[in-house]
Structure formats: structure tokens, C-alpha cells
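Residue numbers (this note's numbering): 204 to 346. All residues carry an ideal CB built from backbone N, CA and C; glycine is no exception. Everything on this sheet refers to the single structure shown next.
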Amino acid sequence: MAKEAFTRCGADASLDDIARRAGIGAGTLYRHFPTRDALIEAVYRGEAEKLAAAERKFTETMPPIDALRAWILLAVDFIATKRLIAPALKGVVGDPSKLFESSRGLIQAANESLMKRAISAGEIRGDLDPSDLLRALIGASHL
């Protein structure tokens with residue numbers, strides 16, 4: 204619920220509205236996330252972890268190229284979410300580079316694994332650099 208609210212309303216989304224939509228009381232929300240900043244950071248971390256976990260799930264259940272395509276769609280959603288809450292993250296942690304760095308490693312590893320699998324299956328060119336895919340996705344999100 205929080206991700207949807209932050210995506211729709213930005214970092215100033217009503218925490219009471221988030222609690223109501225989640226079917227919990229405001230007190231419960233504040234017990235788990237004592238500040239708006241804590242909730243924003245948790246949303247960011249959760250999205251990065253979801254993207255990394257998706258690589259494992261897709262690898263187990265899909266052919267290589269389908270797994271890569273499905274993961275790219277999730278990556279685009281993650282990038283869009285990050286762009287919306289990034290200004291708030293700067294306020295949360297002052298310098299969000301440590302937070303971004305930890306998620307970057309998870310995301311790069313997932314991307315590399317999926318691309319290597321697709322290359323090995325002969326479904327994409329062998330000379331493609333996984334970093335180029337991430338750069339292209341991030342660049343396209345700025346259009």
C-alpha cells in the first residue's frame with residue numbers, strides 16, 4: 204500500500220491513508236515505522252529486494268529470454284518508484300549513497316545472472332554488457 208501511495212502522491216502521501224488502505228490502524232503503522240522516513244526507506248529496500256528475489260524465481264520457472272523480459276519489466280517499475288521517492292530518501296538518510304549502493308549490488312547481480320543465462324542459451328548476443336542494459340533502462344526512465 205505504501206508504494207502505491209508514494210507512487211501516486213509522492214513522499215507526502217498521507218500515512219493515515221496508507222494505514223487505512225492496508226486495513227490497519229495508524230498506531231500499528233507507526234509502531235512498525237515510527238517516522239515517514241522509516242516507511243519510505245523500507246519501501247525502497249523492499250522494492251530492491253523484490254527485484255533481486257524475482258531473478259531467482261524467474262530463473263526457476265521460465266526460459267532464459269522470458270525470465271530476462273519479465274525481470275526488465277520489474278526493473279522499470281523499480282526505477283520509476285526510485286525516481287519518485289529519491290528526493291525523500293535524501294532527506295531520510297542525508298546521503299542515500301549507502302542505501303543505493305547496497306541495492307545496486309543486488310540488482311547488478313540479478314541482471315548479470317539473467318543475461319548470462321540468456322547468452323548461454325543463445326537468445327541474446329554474447330557481446331552484450333549487463334551494465335549497458337541497466338544504463339539503458341535508467342536512461343529511458345528519464346525520457
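If you drop the 5 nearest sequence neighbours on each side, which residues of the same chain put their C-beta closer than 7 Å to that of residue i?
i	result
E258	W274, A313, S316, L317
D220	A208
K206	V246, E250, T284
Excluding the five sequence neighbours on either side, which residues of its own chain have a C-beta within less than 6 Å of the C-beta of residue i, listed in chain order?
i	result
F281	E250, L254
A229	D219, A222
A225	M204
Since I believe residue j is in contact with residue i (beta carbons under 8 Å), could you give me their beta-carbon distance rounded to a whole number of angstroms?
i	j	result
E326	I268	4 Å
A278	L340	6 Å
R320	T262	7 Å
L309	E252	7 Å
Which residues in the same chain as residue i place their Cβ atom closer than 8 Å to its Cβ, once the five residues preceding and following it in sequence are excluded?
i	result
S217	A208
Does residue i have its Cβ less than 9 Å from a Cβ in chain C?
i	result
D240	The chain inventory of the structure shown lacks chain C, comprising one protein chain alone.
*Going along the chain, which unbroken runs of the alpha helix (DSSP H) with 4 or more residues stay wholly within the segment 224-259?*
DSSP runs (the alpha helix (DSSP H)) wholly in the segment 224-259: 229-235.
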